[in-house]
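In order, the protein sequences belong to chains G and H.
FYI, the numbering for the first sequence is 2 to 282, going by our numbering.
FYI, the numbering for the second sequence is 9 to 342, going by our numbering.
The C-beta atom is built at its ideal place from N, Cα and C for all residues, glycine as well.
For clarity, every value in this text was computed on a predicted model and none was experimentally measured.
The block underneath contains the structure these notes are about, expressed in C-alpha cells.
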Amino acid sequence: MNARSDIPAFEPVNLAQVPMPRPALGDGRLALQLRVEQVTRLFGGLRALDGVSLDLRPGEVHGLIGPNGSGKTTLLNLLSGYYPPSSGAIRLGDEDLSAQPVQRRAQVGLARTFQKPRLLPMLTVLENAVLGAWPHAHAGFLATSLALPSVAREDKILLDRAAELLHGVGLGHVLHRRANLLDHAEQRFLEIARGLALRPRFILLDEPAGGLTEIEIGHLSDVVQAIRGAGIGVLLVEHHTDFVFRICDRVTTLNLGKMIKSGTPDEVRCDPEVIRVYLGA
Amino acid sequence: MTGAAHSKKIGLVLGALLVVTLPFWAGDQYQLHLAALIAVYWILVAGLNLVVGFTGQLSVGHVGLLSISAYTFAILGGTLGWNPYLAMVAAGGLGGLCGLLLGLPSLRLPGFYFAMATMAFAMIVNELVLANPQLTGGGIGLPGPAFPAPFDTPAGLYYLVAALAAGVTWLTWNIARRMWGRAFISIRDNPVAAQAVGVPVLRAKLSAFVFSGVTAGFAGSAFASLQSYITPDTFVFELSLFFFVCIIIGGRGSLIGPFLGVVVLTALPEMAAPLAKLGNLFYGVLLLVVVLVVPEGIGRMLELIGERIRPRVARHEAVKPDLARLTRVLAEQA
Chain G
2 MNARSDIPAF
12 EPVNLAQVPM
22 PRPALGDGRL
32 ALQLRVEQVT
42 RLFGGLRALD
52 GVSLDLRPGE
62 VHGLIGPNGS
72 GKTTLLNLLS
82 GYYPPSSGAI
92 RLGDEDLSAQ
102 PVQRRAQVGL
112 ARTFQKPRLL
122 PMLTVLENAV
132 LGAWPHAHAG
142 FLATSLALPS
152 VAREDKILLD
162 RAAELLHGVG
172 LGHVLHRRAN
182 LLDHAEQRFL
192 EIARGLALRP
202 RFILLDEPAG
212 GLTEIEIGHL
222 SDVVQAIRGA
232 GIGVLLVEHH
242 TDFVFRICDR
252 VTTLNLGKMI
262 KSGTPDEVRC
272 DPEVIRVYLG
282 A
Chain H
9 MTGAAHSKKI
19 GLVLGALLVV
29 TLPFWAGDQY
39 QLHLAALIAV
49 YWILVAGLNL
59 VVGFTGQLSV
69 GHVGLLSISA
79 YTFAILGGTL
89 GWNPYLAMVA
99 AGGLGGLCGL
109 LLGLPSLRLP
119 GFYFAMATMA
129 FAMIVNELVL
139 ANPQLTGGGI
149 GLPGPAFPAP
159 FDTPAGLYYL
169 VAALAAGVTW
179 LTWNIARRMW
189 GRAFISIRDN
199 PVAAQAVGVP
209 VLRAKLSAFV
219 FSGVTAGFAG
229 SAFASLQSYI
239 TPDTFVFELS
249 LFFFVCIIIG
259 GRGSLIGPFL
269 GVVVLTALPE
279 MAAPLAKLGN
289 LFYGVLLLVV
299 VLVVPEGIGR
309 MLELIGERIR
319 PRVARHEAVK
329 PDLARLTRVL
339 AEQA
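In C-alpha cells:
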C-alpha cells in the first residue's frame, strides 16, 4: 500500500526558506515587498495591461480603482498566477513569481478572495476556512490514511486556528453550517477567513464590499484594519470609492490598462485625470 | 451535534454486530457467498469512492484494475504456487502501479475525456487477457486459488474479506475527514479555489487514484478466490458501470451512502429470486428513482432524515467581527 512513494515528490513548504509568519512590526528584515514591474498583458491584440508598475508593502492597504475594463481584474489574475505577464515581472522580494503556477502563490504567502465568492458548498464554514491552511498541513496521504497521531494533532491545531479566525471575522455563530446556506455577506467574510488561514504576507481582496450593506462595509473596514495592523499587506480592488479612500494608505488608478495616478487617497481624489475618467465631477 | 455522534456510534456497533454474526443467521451458503461478494465489491468501491465521490474524477475503468489483479493473484497464487497472502499483496502493489501508469497521463484530462480514457483502459485489458492464453487461459480462464485454513471455508473466507473491507473503510474514513479529504472535495467542487489555497491538484488526484488501484488489487485477489474460477466474461464493462453507479446512487462525498449502494445493488436483484432475470430492470428503476427523487444520493437522504428527527435551530445572526480576537489570532506566531 505504498501509494505515496510512487508519486512525484511534492515540495513541502520549507518554513526555513519561506518565513511564513509576517514580520513583527518594525522589523525590516522580513518585510518583503510584492512588486509589479512594468507589466504588460496582451489578449490577442488587446493590451489589457500596459506597462503597469505597483508595489505592495507589508502592513499597508493599497487600493486599486478604475472603470470597468481598466485592467484591475487582469492585474489581480496575474498576481495570483492564473496567467503570466506578456512582459515585465512580478516579484516577491528577490523571487520572480511571473511564471510560477497558482499553487506557488499560496506557498509564498499570497492569499486572495474572489469577486464572486468561491466556496465549497457541501462543506461546513469551518472546513472551508481550514482548507486555506493547506500549505501548513504537512501530513502525507499515507500517514493520514493510517491515522498517525501526528495527523490528528496537526488537524486540530489548524482547525482551532481557523475557528479563532472565524470568530474574529464574525462567523463564530455558523461554524458548523454548510457553506451553501450562508447569506452573501457571510460568504464574503468566510473567503477572507480562508485567506487568513494561509497566514498570508499579502492578501488580495477582489471587490470585497460588493453587495454588502453600509453596516457590513463598516465591519469589513474593521477587519481590513485589523489585517493591516497584523503587518499583512492588502490589495483592495473595489468600486466603492468612499470605502477605498477611507481605508487605503495608497491608491492606484487604472484606465484602459494604463496607470493614470498613484498616491495617497487625497492626491488621487483630487487628480483631474482621475476625476475625468472615473470619479466624475 | 453530540446526539448525532452518539447515534452514529450506536449504528456502527450494531453494523459491526450484524457483520460478525452474519454466518450464523444467513439462510444458506449462497447468501453467505453474496455477503462476501458485497464485501469484495466494497473493498474496490471504497477506494474508487475517493476518486469519484470525493475528487469528482469520473473513472469507469476500474473493472480493468480488478481484472489485472484477479489474474495476477490467480497466476502467482495458482500457476506459480506462491503463498496466497503474498500473491494478494503483490496484486495490490500491481494495482497501485497500474493506477499510477493510467492516472499519470489521463488525470490531466478534463471530465468526460478522463472517463473515456479509463473506459478504453478497461477494454484494452480484456482484449489483452484474451490475447495471452498461455498466461491467462484465454477464454477458458484460470482457477482462483483458495486461502489456507482457517479461511478455506465459506464462512472463513467471508470473515477474511469482511476484515479487509473494514480495514479499507477505516483507511478511507481517515482520509475523508482530514485535510486530504477536504482538498479532494475542493478539486471536485471548485478547482479554482483548490488551486488558490495551494492544493497540488494533479498530485492529489493521483494519490486518490493510486490508492483506488491498490484497493482494486486487493479486491481482485479476493474476488478470484471467492469466485474460484475467473474468465474474461467475469470482467465485463457493466461491472465497471456497476461500481460507478453504486457511488452515484450512494451519494458523492459520503462513505455510508456508497456502501449502502453496493449492498442494495448487489443483494436486491438476487434476493428477489423469482425476478432474477429482471436484475437489470432493478438497476434501471432504482437509478431512475434515485436520480429523480434524491439526486444527492442515499447518503444525503440519511442526513436529511437525521435533520428531520433532530432539527437544527437556524437562527439568523448578523456578521459581527470580534476584532480583539482577530488581532490576537493574527499576531500569534507559527
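Checklist entry - Going along the chain, which unbroken runs of the alpha helix (DSSP H) with 4 or more residues stay wholly within the stretch 285-326 of chain H? => result 287-301 and 306-317
Next on the checklist: List, from N- to C-terminal side, the alpha helix (DSSP H) runs of 4 residues or more that fit wholly inside the stretch 132-213 of chain G.
Outcome noted: 142-146, 150-170 and 185-198
Item to check | Within 9 angstroms, strictly: CB atoms of residue 209 (chain H) and residue 119 (chain G) | outcome: Numbered from its first residue, the second sequence carries residue 209 (chain H) at position 201. Numbered from its first residue, the first sequence carries residue 119 (chain G) at position 118. Cβ atoms of residue 209 (chain H) and residue 119 (chain G): not closer than 9 angstroms.
Item to check | Neighbour-count burial assignment, residue 30 (chain G), 16 or more Cβ in a 10 Å radius | outcome: As a first step, residue 30 (chain G) is located in the first sequence; it is residue number 29 there, counting from the start. Low confidence applies here, because residue 30 (chain G) scores a pLDDT of 41, under 50, leaving its location unreliable and the question unanswered by this model.
Checklist entry - Residue range of the beta strand (DSSP E) that residue 54 (chain G) falls in? => result Within the first sequence, the letter at position 53 stands for residue 54 (chain G). Boundaries of the beta strand (DSSP E) around residue 54 (chain G): 47-57.
Next on the checklist: When you compare the CB of residue 17 (chain G) with every CB in chain H, is at least one pair closer than 9 angstroms?
Outcome noted: Counting from one through the first sequence, the residue named residue 17 (chain G) turns up at place 16. Low local confidence applies: a pLDDT of 41 at residue 17 (chain G) is under 50, so the model's placement there is unreliable, with the coordinate-based value given in what follows. Cβ-Cβ to chain H under 9 angstroms: no for residue 17 (chain G).
Checklist entry - Name the chain H residues whose beta carbon is nearer than 7 angstroms to that of residue 203 (chain G)? => result The sequence position of residue 203 (chain G) within the first sequence is 202, counting from 1. The contacting residues do not exist; residue 203 (chain G) stays about 13 angstroms from chain H at best.
Next on the checklist: Please give me, in chain order, every unbroken run of the alpha helix (DSSP H) with length at least 4 that falls completely inside the stretch 32-64 of chain H.
Outcome noted: 37-57
Checklist entry - What's the gap between the Cα of residue 17 (chain H) and the Cα of residue 286 (chain H)? => result Residue numbering aside, residue 17 (chain H) sits at position 9 when the second sequence is read from its first letter. Residue numbering aside, residue 286 (chain H) sits at position 278 when the second sequence is read from its first letter. Going by the C-alpha atoms only, they are around 37 angstroms apart.
Next on the checklist: By the three-class DSSP mapping on this structure, what secondary structure does residue 16 (chain H) have?
Outcome noted: Translated into positions along the second sequence, residue 16 (chain H) becomes position 8. Here residue 16 (chain H) sits in helix by DSSP.
Next on the checklist: With a threshold of 6 angstroms on Cβ separation, who are the neighbours of residue 272 (chain G) within its own chain once the five nearest residues in sequence on each side are excluded?
Outcome noted: Within the first sequence, residue 272 (chain G) is the residue found at index 271, counting from 1. Counting only Cβ-Cβ distances below 6 angstroms, and skipping sequence neighbours, we find 262.
Next on the checklist: Less than 9 angstroms between the beta carbons of residue 166 (chain G) and residue 175 (chain G), yes or no?
Outcome noted: Looking up residue 166 (chain G) in the first sequence gives position 165. Looking up residue 175 (chain G) in the first sequence gives position 174. Cβ atoms of residue 166 (chain G) and residue 175 (chain G): not closer than 9 angstroms.
Next on the checklist: By the DSSP assignment, the alpha helix (DSSP H) with residue 250 (chain H) in it spans what residues?
Outcome noted: Here residue 250 (chain H) refers to the residue found at position 242 when the second sequence is read from its first residue. Note, residue 250 (chain H): alpha helix (DSSP H), 245-258.
Item to check | Alpha-carbon to alpha-carbon, residue 211 (chain G) and residue 46 (chain H) | outcome: Here residue 46 (chain H) refers to the residue found at position 38 when the second sequence is read from its first residue. Here residue 211 (chain G) refers to the residue found at position 210 when the first sequence is read from its first residue. Those two C-alpha atoms are separated by around 52 angstroms.
Checklist entry - Does at least one heavy atom of the ligand NAP sit under 8 angstroms from the Cβ of residue 44 (chain G)? => result Ligands in the displayed structure: none, and consequently the ligand NAP is not present.
Item to check | Straight-line gap, residue 172 (chain G) to residue 123 (chain G) (C-alpha atoms, nearest Å) | outcome: The sequence position of residue 172 (chain G) within the first sequence is 171, counting from 1. The sequence position of residue 123 (chain G) within the first sequence is 122, counting from 1. Between residue 172 (chain G) and residue 123 (chain G), the C-alpha separation is close to 17 angstroms.
Checklist entry - By the criterion of Cβ-Cβ separation under 7 angstroms, what are the contact partners of residue 152 (chain G) in chain H? => result Walking along the first sequence from the start, residue 152 (chain G) turns up at place 151. Contact note: residue 152 (chain G) reaches chain H through 186, using a C-beta cutoff of 7 angstroms and chain order.
Checklist entry - Considering only C-alpha positions, which residue in the set G:32, G:89, G:65 and G:69 is nearest to residue 43 (chain G)? => result Here residue 43 (chain G) is taken as the residue at index 42 of the first sequence, counted from 1. Nearest option by C-alpha distance: G:89.
Checklist entry - From this set, H:213, H:24, H:147 and H:216, which residue's C-alpha is nearest residue 243 (chain H)'s C-alpha? => result Taking the second sequence and counting its residues from 1, the one referred to as residue 243 (chain H) is at position 235. Nearest option by C-alpha distance: H:147.
Checklist entry - Excluding sequence positions up to five away, which residues of its chain have a Cβ less than 7 angstroms from the Cβ of residue 60 (chain H)? => result On the second sequence, residue 60 (chain H) is found 52 positions in, with the first residue counted as 1. In its chain, beyond the 5 residues on either side, 66, 67, 252 and 255 have a beta carbon closer than 7 angstroms to the beta carbon of residue 60 (chain H).
Checklist entry - To the nearest whole angstrom, what separates the beta carbons of residue 165 (chain H) and residue 44 (chain H), a pair I think is in contact under 8 angstroms? => result One-based indexing of the second sequence puts residue 165 (chain H) at position 157. One-based indexing of the second sequence puts residue 44 (chain H) at position 36. 6 angstroms between Cβ atoms; contact.
Checklist entry - For residue 236 (chain G) versus residue 80 (chain G), is the C-beta distance shorter than 9 angstroms? => result What you label residue 236 (chain G) is simply residue 235 of the first sequence in a count that begins at 1. What you label residue 80 (chain G) is simply residue 79 of the first sequence in a count that begins at 1. The answer is yes: Cβ separation under 9 angstroms.
Checklist entry - If the cut is a Cβ gap below 9 angstroms, which residues of chain H does residue 169 (chain G) touch? => result By 1-based counting over the first sequence, the position of residue 169 (chain G) is 168. Neighbours of residue 169 (chain G) in chain H, taken as residues at a C-beta separation under 9 angstroms, are given in chain order as 329, 330, 331, 332, 333, 334, 335, 336, 337 and 338.
Checklist entry - Rounded to whole angstroms, how far is the Cβ of residue 64 (chain H) from the Cβ of residue 196 (chain H), which I believe are closer than 8 angstroms? => result Taking the first residue of the second sequence as position 1, residue 64 (chain H) is located at position 56. Taking the first residue of the second sequence as position 1, residue 196 (chain H) is located at position 188. Contact holds; Cβ gap of about 3 angstroms.
Item to check | Best match in H:247, H:276, H:270 and H:305 for proximity to residue 261 (chain H) [C-alpha to C-alpha] | outcome: In the second sequence, residue 261 (chain H) corresponds to position 253, counting from 1. Nearest of H:247, H:276, H:270 and H:305 to residue 261 (chain H), Cα basis: H:305.
Next on the checklist: Going by beta-carbon coordinates alone, are residue 112 (chain G) and residue 199 (chain G) separated by less than 9 angstroms?
Outcome noted: Locating residue 112 (chain G) in the first sequence gives position 111, where the first residue counts as 1. Locating residue 199 (chain G) in the first sequence gives position 198, where the first residue counts as 1. The answer is yes: Cβ separation under 9 angstroms.
Checklist entry - Going along the chain, which residues of the stretch 219-232 of chain H sit with their C-beta nearer than 7 angstroms to a C-beta in chain G? => result Residues passing the 7 angstroms Cβ filter: 219 and 222.
Item to check | N- and C-terminal bounds of the alpha helix (DSSP H) containing residue 142 (chain H) | outcome: Residue 142 (chain H) sits at position 134 when you count from the first residue of the second sequence. First-last of the alpha helix (DSSP H) with residue 142 (chain H): 141-144.
Next on the checklist: Any contact between the stretch 189-209 of chain G and the stretch 245-260 of chain G? By contact I mean 3 or more CB pairs, one from each, below 8 angstroms.
Outcome noted: no
Checklist entry - Does any residue of chain H bring its CB to less than 9 angstroms from the CB of residue 85 (chain G)? => result As a first step, residue 85 (chain G) is located in the first sequence; it is residue number 84 there, counting from the start. No, because no Cβ of chain H sits closer than 9 angstroms to the Cβ of residue 85 (chain G).
Item to check | Close Cβ partners of residue 98 (chain H) (< 7 angstroms) along its chain, the five nearest in sequence each way excluded | outcome: Within the second sequence, residue 98 (chain H) is the residue found at index 90, counting from 1. Only 80 and 84 meet the Cβ criterion.
Checklist entry - Along chain G, which residues have their Cβ under 7 angstroms away from the Cβ of residue 325 (chain H)? => result By one-based count along the second sequence, residue 325 (chain H) stands at place 317. By Cβ distance, chain G contributes 174.
Item to check | Inter-stretch contact at 8 angstroms, needing at least 3 Cβ pairs: the stretch 59-66 of chain G / the stretch 238-246 of chain G | outcome: yes
Checklist entry - Is the stretch 211-221 of chain G close to the stretch 322-336 of chain H, with three or more CB pairs under 8 angstroms? => result yes
Checklist entry - Between the stretch 48-75 of chain G and chain H, which residues of the former have a C-beta closer than 9 angstroms to a C-beta of the latter? => result none
Checklist entry - Using the beta-carbon count (16 or more within 10 Å), is residue 151 (chain G) buried or exposed? => result Here residue 151 (chain G) refers to the residue found at position 150 when the first sequence is read from its first residue. With fewer than 16 other Cβ atoms within 10 Å, it is exposed.
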